[in-house]
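Below: one structure, written as C-alpha coordinates.
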Amino acid sequence: MLLEDVITKYVDGHRGHVEKRYNQRKRGKRAKPVGDYIHNVSLQELRDQQEEFITEGLGTDRKAHVRNIRSIILGKIETLKEEWRANKEVIVNGGLKQL
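The sequence shown maps to residues -8 to 90 in the numbering used here.
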(Lines of atoms letter the chains of each structure in order from A and count residues from 1; the text may use other names and numbers.)
(Lines give C-alpha, C1' and ligand atoms only; values in the text may rest on other atoms or scores of the structure.)
Protein backbone atom coordinates (compact mmCIF):
# COMPACT_ATOMS: atom_id res chain seq x y z
CA MET A 1 0.00 0.00 0.00
CA LEU A 2 2.81 2.39 0.88
CA LEU A 3 4.70 1.58 -2.31
CA GLU A 4 1.58 2.24 -4.37
CA ASP A 5 1.16 5.68 -2.74
CA VAL A 6 4.78 6.57 -3.48
CA ILE A 7 4.44 5.50 -7.11
CA THR A 8 1.20 7.43 -7.65
CA LYS A 9 2.70 10.57 -6.09
CA TYR A 10 5.74 10.26 -8.34
CA VAL A 11 3.63 9.75 -11.47
CA ASP A 12 1.31 12.65 -10.61
CA GLY A 13 4.27 14.92 -9.89
CA HIS A 14 5.93 13.95 -13.15
CA ARG A 15 2.72 14.48 -15.10
CA GLY A 16 2.31 17.94 -13.55
CA HIS A 17 5.90 18.81 -14.42
CA VAL A 18 5.42 17.71 -18.03
CA GLU A 19 2.18 19.69 -18.36
CA LYS A 20 3.86 22.77 -16.90
CA ARG A 21 6.71 22.54 -19.42
CA TYR A 22 4.26 21.95 -22.27
CA ASN A 23 2.26 25.04 -21.33
CA GLN A 24 5.43 27.13 -21.03
CA ARG A 25 6.52 26.03 -24.48
CA LYS A 26 3.08 26.88 -25.93
CA ARG A 27 3.13 30.41 -24.51
CA GLY A 28 3.33 33.06 -27.23
CA LYS A 29 2.38 30.65 -30.01
CA ARG A 30 -1.34 31.37 -29.75
CA ALA A 31 -3.21 33.73 -32.03
CA LYS A 32 -3.31 37.26 -30.72
CA PRO A 33 -6.68 39.06 -30.64
CA VAL A 34 -7.61 41.84 -33.04
CA GLY A 35 -10.10 44.58 -32.28
CA ASP A 36 -12.12 45.28 -29.15
CA TYR A 37 -12.97 41.69 -28.26
CA ILE A 38 -10.52 39.15 -26.90
CA HIS A 39 -11.89 36.31 -29.04
CA ASN A 40 -11.84 38.31 -32.26
CA VAL A 41 -9.02 37.01 -34.50
CA SER A 42 -8.90 37.54 -38.24
CA LEU A 43 -8.12 34.69 -40.60
CA GLN A 44 -5.30 36.68 -42.18
CA GLU A 45 -3.69 37.16 -38.74
CA LEU A 46 -3.79 33.40 -38.21
CA ARG A 47 -2.22 32.80 -41.62
CA ASP A 48 0.51 35.38 -40.97
CA GLN A 49 1.33 33.90 -37.57
CA GLN A 50 1.46 30.40 -39.02
CA GLU A 51 3.77 31.61 -41.80
CA GLU A 52 6.09 33.27 -39.26
CA PHE A 53 6.15 30.12 -37.15
CA ILE A 54 6.99 27.93 -40.16
CA THR A 55 9.76 30.24 -41.43
CA GLU A 56 11.24 30.47 -37.94
CA GLY A 57 11.28 26.67 -37.70
CA LEU A 58 12.89 26.35 -41.13
CA GLY A 59 15.61 28.80 -40.13
CA THR A 60 16.51 26.80 -37.04
CA ASP A 61 16.43 23.55 -39.03
CA ARG A 62 18.81 25.01 -41.61
CA LYS A 63 21.19 26.24 -38.93
CA ALA A 64 21.21 22.83 -37.26
CA HIS A 65 21.83 21.15 -40.62
CA VAL A 66 24.75 23.48 -41.39
CA ARG A 67 26.25 22.86 -37.93
CA ASN A 68 25.93 19.11 -38.44
CA ILE A 69 27.64 19.20 -41.84
CA ARG A 70 30.37 21.48 -40.48
CA SER A 71 31.12 19.09 -37.62
CA ILE A 72 31.35 16.16 -40.05
CA ILE A 73 33.74 18.10 -42.30
CA LEU A 74 35.91 19.16 -39.36
CA GLY A 75 36.07 15.54 -38.21
CA LYS A 76 37.22 14.40 -41.65
CA ILE A 77 39.85 17.17 -41.74
CA GLU A 78 41.16 16.02 -38.36
CA THR A 79 41.41 12.40 -39.53
CA LEU A 80 43.30 13.52 -42.65
CA LYS A 81 45.69 15.59 -40.51
CA GLU A 82 46.33 12.65 -38.18
CA GLU A 83 46.95 10.36 -41.16
CA TRP A 84 49.35 12.89 -42.68
CA ARG A 85 51.24 13.33 -39.37
CA ALA A 86 51.61 9.57 -39.00
CA ASN A 87 52.75 8.94 -42.59
CA LYS A 88 55.39 11.68 -43.15
CA GLU A 89 55.84 10.61 -46.77
CA VAL A 90 55.03 12.93 -49.66
CA ILE A 91 54.93 12.33 -53.41
CA VAL A 92 57.35 14.73 -55.12
CA ASN A 93 57.87 14.52 -58.90
CA GLY A 94 56.33 11.05 -59.00
CA GLY A 95 58.49 9.59 -56.20
CA LEU A 96 58.01 9.13 -52.46
CA LYS A 97 60.08 11.35 -50.23
CA GLN A 98 60.46 11.36 -46.43
CA LEU A 99 59.83 14.62 -44.59
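All C-beta atoms, glycine included, are put in the ideal place defined by N, C-alpha and C.
Backbone CA spacing between residue i and residue j [nearest angstrom]
i, j, result
"I68", "E47", "32 angstroms"
"A77", "V57", "30 angstroms"
"L65", "L71", "10 angstroms"
"Q41", "Q35", "10 angstroms"
"E73", "L(-6)", "56 angstroms"
Those residues which DSSP pairs with residue i across a bridge
i, result
"G48", "Beta-bridge pairing links G48 to no other residue."
"I82", "L87"
Contact set for residue i: own chain, Cβ-Cβ below 7 angstroms, skip 5 residues either direction
i, result
"L87", "E80"
"Q96", "What the structure shows of the chain is the stretch from -8 to 90, and residue 96 is not part of that stretch, so it cannot be assessed."
Residue i (DSSP reduced to helix, strand or coil)
i, result
"L125", "Lying before the first or after the last residue shown, residue 125 is absent from the chain, which here runs from -8 to 90."
"S62", "helix"
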